[in-house]
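Enquirer: In this note's numbering, the protein residues as written are 87 to 414.
Where a beta carbon is used, it is the ideal one built from N, C-alpha and C, also for glycine.
A single structure is presented below for examination.
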Amino acid sequence: MCCLVIYITKIVLLGHVPISNGNYIWTLAFNENPLSAQACSNEGLQVPLVLLHGFGGGLGLWVKNLTALAQTGRPVYALDLLGFGRSSRPVACVQAQEAEEQFVQSLEEWREVLGLEAMIMLGHNLGGYVSAAYALKYPDRVQQLVLVEPWGFTERPDEEDLQCRIPLWIKALGSAMNPFNPLALLRLAGPLLLQALRSDFKQKYSSVFKDDTVPDYLYHLNVQTPSGETAFKNMTIPYGWAQRPMMQRMEMIDPSIRISVICGSRSCIDGQSGQAIQEMRSNSQTDLVITGAGHYVFADQSEDFNRAVLKICSNARDGEKAEQDRKE
Numbered sequence: 087m088c089c090l091v092i093y094i095t096k097i098v099l100l101g102h103v104p105i106s107n108g109n110y111i112w113t114l115a116f117n118e119n120p121l122s123a124q125a126c127s128n129e130g131l132q133v134p135l136v137l138l139h140g141f142g143g144g145l146g147l148w149v150k151n152l153t154a155l156a157q158t159g160r161p162v163y164a165l166d167l168l169g170f171g172r173s174s175r176p177v178a179c180v181q182a183q184e185a186e187e188q189f190v191q192s193l194e195e196w197r198e199v200l201g202l203e204a205m206i207m208l209g210h211n212l213g214g215y216v217s218a219a220y221a222l223k224y225p226d227r228v229q230q231l232v233l234v235e236p237w238g239f240t241e242r243p244d245e246e247d248l249q250c251r252i253p254l255w256i257k258a259l260g261s262a263m264n265p266f267n268p269l270a271l272l273r274l275a276g277p278l279l280l281q282a283l284r285s286d287f288k289q290k291y292s293s294v295f296k297d298d299t300v301p302d303y304l305y306h307l308n309v310q311t312p313s314g315e316t317a318f319k320n321m322t323i324p325y326g327w328a329q330r331p332m333m334q335r336m337e338m339i340d341p342s343i344r345i346s347v348i349c350g351s352r353s354c355i356d357g358q359s360g361q362a363i364q365e366m367r368s369n370s371q372t373d374l375v376i377t378g379a380g381h382y383v384f385a386d387q388s389e390d391f392n393r394a395v396l397k398i399c400s401n402a403r404d405g406e407k408a409e410q411d412r413k414e
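Following this line, the structure appears as structure tokens:
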């Protein structure tokens, strides 16, 4: 006889989670149940999954994933990175290392407030970079890393190779826009420009919204004080490469932290990071490619993406298993 188990997810809008200096992190939670070491061992609770969006995004972009990822009862948290979305907009640090640390420290303060002992961190684009940086500084708090189309891992190509790969018009536009933040033109032109340039967002989320809800959402997120955007710019060198490429530091991440990389087969972002990480770390999981998906793999092929993440999470050291691993 087949036994059907229905999981009912509990949605909690935590809203503004306070951190230091009067700042806050906008947060949404499913199946919220803070994971203490004692609770984990006694009740068999699952390690929370924490979702970090990419540059210029917000937690709303996970709308096609949240319910599916929470269906097993695992606590799932989606948050807006400091300086993005509906989180506070402090003055961005000027130096690349300081800007990186500002993101990382805000995450650690957020974790402390919620009382999470361990996390599975899933980051897209800039969120992947921040997740890896956090794992470097707080390895005891990260059980697994899931890097989705991560930005900032590979090094900038040498000048000769770069000249061949970047069209002249992009170089000219990049030089003209260099003094400004990446999304300055968007704020100047208004929401119609975003709807025209990124009409694909409407198609990606057409199964959820039939109108311009998503483009409008992104516009209103990014028309605010560009705090996180400025921090991102301060972390880059021309044409969007990271000043401090994460690949140079991947071998320093605690080997006990499992790493998975999810890439879209149609993405324009460099897809070699997963292979390079595998070569560096023999215990890394197999690189996953979502067929037919672009950079926003979680929206392009949401069902495939959700299944892949649930499979990755099934390897988590939950409950008594986590306690046994700690004792060993």
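Quick check: the Cα distance between R175 and T316, rounded to an integer number of angstroms?
Expert: So the two alpha carbons sit approximately 10 Å from each other.
Enquirer: In the segment 337 to 379, which residue ranges form an unbroken beta strand (DSSP E) of at least 3 residues, counting only runs that do not cross its ends?
Expert: The qualifying runs are 344 to 350 and 374 to 376.
Enquirer: What does the Cβ neighbour count give for Q132, buried or exposed, with the cut at 16 atoms within 10 Å?
Expert: Buried.
Enquirer: Would you decide whether L202 is buried or exposed? Buried here means 16 or more other CB atoms lie within 10 Å of its CB.
Expert: Buried: at least 16 other Cβ atoms inside 10 Å.
Enquirer: Looking at F170 and G144, is the spacing between their C-beta atoms short of 8 Å?
Expert: In contact: G144 and F170 (Cβ atoms closer than 8 Å).
Enquirer: Where does T377 land, buried or exposed, given buried means 16+ other C-beta within 10 angstroms?
Expert: The residue is exposed, with fewer than 16 neighbouring Cβ atoms inside 10 Å.
Enquirer: Bridge partners for T240 per DSSP, in chain order?
Expert: Paired residue(s): none; T240 is not in a bridge.
Enquirer: Could you pull the start and end residues of the alpha helix (DSSP H) that G209 belongs to?
Expert: No alpha helix (DSSP H) holds G209; the beta strand (DSSP E) holding it covers M205 to H210.
Enquirer: Is H381 closer than 8 Å to E235 when the C-beta atoms are compared?
Expert: A contact, by the Cβ cut-off of 8 Å.
Enquirer: H102 by DSSP, collapsed to three states: which one?
Expert: Note: H102 maps to strand in three-state DSSP.
Enquirer: Tell me whether K96 is buried or exposed, calling it buried when 16 or more other Cβ atoms sit within 10 Å of its Cβ.
Expert: The residue is exposed, with fewer than 16 neighbouring Cβ atoms inside 10 Å.
Enquirer: Okay, do the segment 99 to 116 and the segment 144 to 164 touch, 3+ Cβ pairs below 8 Å being the bar?
Expert: Yes: at least three Cβ pairs fall under 8 Å.
Enquirer: Inspect the beta-carbon positions of R330 and I345 and report whether they are closer than 8 Å.
Expert: Not in contact: R330 and I345 (Cβ atoms no closer than 8 Å).
Enquirer: Please state whether the Cβ-Cβ distance between V199 and N320 is less than 8 Å.
Expert: No. Outside cutoff.
Enquirer: Secondary structure at L131, three-state DSSP: helix, strand or coil?
Expert: It is coil, neither helix nor strand.
Enquirer: Is the Cβ-Cβ distance between M333 and S353 less than 8 Å?
Expert: Taking 8 Å as the Cβ cut-off, M333 and S353 do not qualify as a contacting pair.
Enquirer: Grab me the residues of L99's own chain with a C-beta within less than 7 Å of its C-beta, minus the 5 sequence neighbours each way, in chain order.
Expert: For L99, where only same-chain residues beyond five positions count, the Cβ hits under 7 Å are L114.
Enquirer: DSSP has W148 in a bridge; who is on the other side?
Expert: DSSP, once it has assigned bridges, lists no residue as partnering W148.
Enquirer: Which ranges does the beta strand (DSSP E) cover as unbroken runs of at least 3 residues, wholly within the segment 149 to 197, from first to last along the chain?
Expert: You should have 162 to 165.
Enquirer: Just to confirm, are I348 and A394 a CB contact at a threshold of 8 Å?
Expert: Contact: yes.
Enquirer: From V103 to R335, what does the alpha carbon distance come to, in whole angstroms?
Expert: If you take the alpha carbons of V103 and R335, they lie about 30 Å apart.
Enquirer: I'd like the span of the alpha helix (DSSP H) that includes T311, first residue to last.
Expert: Unbroken run through T311: none, as it is neither H nor E.
Enquirer: Nearest to D226 by alpha carbon, out of I343, G108 and A379?
Expert: Nearest option by C-alpha distance: I343.
Enquirer: For S285, count neighbouring Cβ atoms within 10 angstroms of its own Cβ and tell me buried if that reaches 16, exposed if not.
Expert: So S285 ends up on the exposed side.
Enquirer: Whole angstroms is fine: what's the gap from E162's alpha carbon to V136's?
Expert: Before going on, a small fix: residue 162 reads as Val here, not Glu. Cα to Cα, V162 sits roughly 6 Å from V136.
Enquirer: Using the rule of at least 16 other Cβ atoms within 10 Å of the residue's Cβ for burial, across every protein chain shown, is P341 buried or exposed?
Expert: Its Cβ having fewer than 16 others within 10 Å, P341 is exposed.
Enquirer: Tell me I323's beta-bridge partners as DSSP assigns them.
Expert: Partner(s): W327.
Enquirer: Since I believe Q188 is in contact with L168 (beta carbons under 8 Å), could you give me their beta-carbon distance rounded to a whole number of angstroms?
Expert: Rounded, the Cβ-Cβ distance is 7 Å, consistent with contact.
Enquirer: Looking at the strands, I want to know which residues DSSP matches up with I136.
Expert: Here residue 136 is Val; the residue named in the question, Ile, does not match the sequence. V136 pairs with Y163 and M207.
Enquirer: For Q361, count the other beta carbons within 10 Å of its own beta carbon; 16 or more makes it buried, fewer makes it exposed. Which is it?
Expert: Its Cβ having fewer than 16 others within 10 Å, Q361 is exposed.
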